[in-house]
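In our numbering, the protein residues as written are 2 to 323. In this text, a Cβ means the ideal position worked out from N, Cα and C, and glycines have one as well. Since the model is a prediction, treat every value here as computed from it, not as a measurement.
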Amino acid sequence: MMLHEIAPKSFHIEWQNLQPERDDRIIFAFDGQILIAATEELRFPTREVFEKWILFPRIHPDSGAYTYLFAIDDERYFTMVYDERQFRPFLENLYKDIPEEDKTYRFVPVRALRNREAQHEAFAGMMAGMLTGWYRRSRFCGKCGVRTRHSDKERMMYCPHCGNMIYPQICPSVIIGVFSKDRLLTTRYNPEHLMFDGTGKTFKPVVHDALVAGYIEAGETGEDAVRREVMEEVGLRVKNIRYWKSSPWPMSSGLLFAYTCEVDGDDRIRLEEDELSTAVFKTREEIEPRVGKDIALTSALMEAFRRGELPERPIGELPERP
Ligand SMILES: [Zn+2]
């Protein structure tokens with residue numbers, strides 16, 4: 002099940018010009034972490050509970066108002082966009098500021114939400130982290146430096162001085178199933194290759210079997226990005242590129258598009274060693290089953306192949322498109 006698959010619940014991103022009622026949820030994000038109320042089975046606090054938080058009086062005078070995020074079914078979620086410079090000194094000491102005996106609130110890393118039982122809450126937390134980060138980066142106009150305002154019609158920040166409009170940033174990328182006959186190309190990150198988490202911090206990748214992947218560059222189609230990434234990472238030419246599925250990936254403001262394709266000619270791999278440590282073609286039987294909860298599009302594609310839900314030769318036996 003992928004991150005965004007929260008059925009029977011449904012996600013509503015449409016902007017609403019609202020302030021929260023006392024029972025609406027507040028998702029407060031800081032540096033890749035989310036505030037959780039330890040009561041109510043570790044849920045996001047309601048407005049009523051949030052306003053009892055020890056640090057609330059310190060953030061509130063600057064921020065003043067809540068910002069609407071989204072709804073899941075009829076549960077509404079809001080955030081508070083604060084002045085990071087003023088608030089950082091408090092939050093950096095947050096573990097000192099929260100008394101040991103006060104177990105009512107704690108911060109959990111957004112990444113840890115992946116393992117939550119309630120999938121819609123994991124999705125809500127990650128989406129809130131993404132949107133709050135965007136709101137904080139959009140508080141001033143990038144053209145003239147004037148403080149921006151929120152449109153009351155849609156999720157857009159605009160500059161009252163020059164009219165600049167800023168919409169949430171989404172970064173499209175491709176996840177690529179490269180096939181050679183009945184085998185799928187799996188890669189592993191170089192464990193020393195540093196990744197960025199979007200807050201300026203780096204982390205080392207979790208090393209497990211993955212797929213060739215990368216951002217779509219300006220001016221490229223998805224198919225162009227597939228050809229370029231496969232060439233860059235493993236030195237192979239590909240053909241018969243076909244779209245499979247897509248998934249949002251809010252932790253990197255991402256929108257992932259999965260494609261399948263076939264090696265064109267020689268399948269000898271020339272590895273890009275800075276980023277990857279191995280790249281190996283595996284048969285269905287050689288793909289390791291994913292245990293537990295796994296919400297990534299990469300895993301979904303590998304698992305579909307392992308279970309035979311992707312044709313073993315996904316494209317080779319289909320007629321070429323005209
Ligand atoms: Zn401006």
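Express the C-alpha separation of residue j and residue i in angstroms, rounding to a whole number.
i    : j    : result
A8   : G309 : 24 Å
E263 : I167 : 39 Å
T299 : A30  : 26 Å
I316 : R184 : For I316, the predicted structure reports a pLDDT of 48, less than 50, and the residue's modelled location is therefore unreliable. A value from the coordinates is still provided. Their Cα atoms are separated by approximately 12 Å.
R322 : I217 : With a pLDDT of only 46 at R322, under the threshold of 50, the placement of this residue in the model should not be trusted; the figure read from the coordinates follows. About 24 Å.
Y260 : V175 : 7 Å
L302 : E287 : 15 Å
R269 : R291 : 27 Å
E289 : R228 : 26 Å
R156 : E15  : 8 Å
E122 : N191 : 32 Å
A38  : E49  : 11 Å
V281 : R189 : 9 Å
N241 : V231 : 13 Å
Y106 : R115 : 19 Å
F258 : P58  : 43 Å
G223 : S248 : 14 Å
T279 : H209 : 10 Å
H194 : E22  : 45 Å
T133 : E276 : 30 Å
D225 : E6   : 28 Å
H162 : W245 : 44 Å
F88  : D24  : 25 Å
L319 : A297 : Bear in mind that the predicted position of L319 carries a pLDDT of just 46, short of 50, making it unreliable; the figure below should be weighed with that in mind. Near 27 Å, if we compare the C-alpha coordinates of A297 and L319.
M131 : G33  : 9 Å
Q17  : K283 : 48 Å
S152 : L36  : 27 Å
M2   : W54  : 34 Å
P173 : W135 : 16 Å
A113 : C160 : 36 Å
E313 : R243 : Here the model assigns E313 a pLDDT of 49, short of 50, so the residue's position is not dependable, and the following value carries that caveat. Each residue's alpha carbon lies about 14 Å from the other.
M81  : A66  : 7 Å
Terminal residues of the continuous alpha helix (DSSP H) containing residue i?
i    : result
G130 : 120-138
V235 : 223-235
F51  : 48-51
Do residue i and residue j have their C-beta atoms within less than 8 Å of each other?
i    : j    : result
F141 : R148 : yes
F79  : T68  : yes
V235 : L186 : yes
R238 : G266 : yes
F45  : I28  : yes
N165 : G143 : yes
S139 : M127 : no
V111 : M252 : yes
Q170 : S254 : yes
E76  : R26  : yes
L19  : F124 : no
A129 : L70  : yes
R271 : R307 : no
E273 : E304 : no
K154 : D74  : no
Ends of the beta strand (DSSP E) at residue i?
i    : result
L302 : Element bounds for L302: not the beta strand (DSSP E) but the alpha helix (DSSP H), 298-307.
R189 : 184-190
F71  : 68-73
R44  : Looking at the DSSP string, R44 is not in any beta strand (DSSP E), and its letter there is neither H nor E.
E263 : 255-264
E76  : 76-80
C172 : 172-181
T105 : Neither: T105 is in no beta strand (DSSP E) and is coded neither H nor E.
A214 : 213-216
L277 : 277-283
W250 : 239-250
Margin query: So, does the segment 205-225 touch the segment 175-182, judging by three or more C-beta pairs under 8 Å?
Written below: yes
Next item on the list: Go through the residues and name those whose CB comes closer than 6 Å to any heavy atom of ligand 1, in chain order.
Entry: C142, K144, C145, V147, C160, H162, C163, N165
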